[in-house]
Amino acid sequence: NSPYGGSKLKGEGVFQRWVEQGDGRRALIIRPTVTFGVHNFANMYSLIRQIDSGKYFRFGAGTNIKSLSYVENIVHATLFLLGLNEEKPNRKIEPFEIFNYIDKPDLTSTEISDTVSACLRKKPALAMPYWLGMLLGLPFDVVIKLTGKNLPISTARVKKMFKTQTKFESAKLLGVGYQPKVPLKDGIDRMVQWYAQSGKNENAEWHQPPAEPVMMD
């Protein structure tokens, strides 16, 4: 329903039309939810850093689901679906296929932060009322509007983290016999250990897409 989602859907259409040209062409599309893992500096990295610094606070019950995808499992699932693992999918591999990837069982925002805290050997984050978080975010909203800066706290961030639910399903993938290689909480622990050992001192390396799309025959 968003321009972002619409652009991805159109991109999938490009690959589908390419496959339909024949000549043995194949395309496998994986739709992961929020992805995390070692050397990833996105949402999970920010959460780990905030909890490690003691600057993370929980607002509200935090019972909202946040579906996650561990990067090693995404790679493993991709190889599985292509028939390149020892375990083989129990279906005929079609020329064009789309699968969602989500690690199960889903965790709530509280369970995610508590898991990170436990991996860091820290106490769970202090829980405060949701309304207080929204109130504290208001001054930052003003600064963001005036300066255009991306600040670590705002009412939008509080709502996104503690109220917005991002729950997705991957029944189709499980239905063809796939089983994740790494349990979700173990994946979080692997990323936390990387962060503690070296990740917190590393800088993100941003990769820009090419100016013009390149289609290969």
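Quick note, the sequence shown lines up with residues 16 to 232 if you use our numbering.
Ideal placement from N, C-alpha and C gives every residue a C-beta, glycine not left out.
query: DSSP on Asn218, reduced to helix/strand/coil?; result: coil
query: Which of helix, strand or coil does DSSP assign to Ala133?; result: helix
query: Between the stretch 88 to 100 and the stretch 129 to 138, do at least 3 Cβ pairs fall closer than 8 Å?; result: no
query: With DSSP as the reference, identify every bridge partner of Ala142, one or two as the case may be.; result: Arg73
query: Can the beta-carbon of Thr170 be found less than 8 Å from the beta-carbon of Ile80?; result: no
query: So, under 8 Å CB-CB, Leu151 and Ile168 are touching, yes? Tell me the CB distance rounded to an integer number of Å.; result: 7 Å
query: Compute the Euclidean distance between the alpha carbons of Lys175 and Leu147, then round it to the nearest angstrom.; result: 15 Å
query: From the DSSP output, in three-state form, read off Val159 for me.; result: The sequence shown places Ile at residue 159, rather than the Val named in the question. Helix, per DSSP.
query: In whole angstroms, what is the alpha-carbon distance linking Ala140 and Arg73?; result: 6 Å
query: Give me, in chain order, the residues of the same chain whose beta-carbon lies closer than 6 Å to that of Arg106; leave out the 5 immediate sequence neighbours on both sides.; result: Val191
query: Can you have a look at Val158 and say buried or exposed, based on whether 16 or more other CB atoms are within 10 angstroms of its CB?; result: exposed
query: Can you say whether Gly202 is buried or exposed, counting buried as having 16 or more other CB atoms within 10 angstroms of its CB?; result: buried
query: Buried or exposed: where does Gly52 fall if 16 or more other Cβ atoms within 10 Å of its Cβ makes it buried?; result: buried
query: Using only the alpha-carbon positions, how far apart do Ile113 and Phe183 sit?; result: 15 Å
query: Please state whether the Cβ-Cβ distance between Thr125 and Thr78 is less than 8 Å.; result: yes
query: Output yes or no for whether 8 Å exceeds the beta carbon distance between Ile117 and Ser82.; result: yes
query: Assign Tyr85 to one of two classes, buried (16 or more other C-beta atoms within 10 Å of its C-beta) or exposed (fewer than that).; result: buried
query: Between which residues of its own chain and Tyr71 is the CB-CB distance below 6 Å, once the five residues before and five after are set aside?; result: Gln65 and Ala140
query: My understanding is that Phe155 touches Leu166, with C-beta atoms under 8 Å, so please give their C-beta distance in whole angstroms.; result: 5 Å
query: Note down, in chain order, each residue of its chain lying with its Cβ closer than 8 Å to the Cβ of Pro104, except the 5 sequence neighbours on either side.; result: Phe95, Leu96, Gly98, Val191, Gly192 and Tyr193
query: Which residues in the same chain as Asp38 place their Cβ atom closer than 6 Å to its Cβ, once the five residues preceding and following it in sequence are excluded?; result: none
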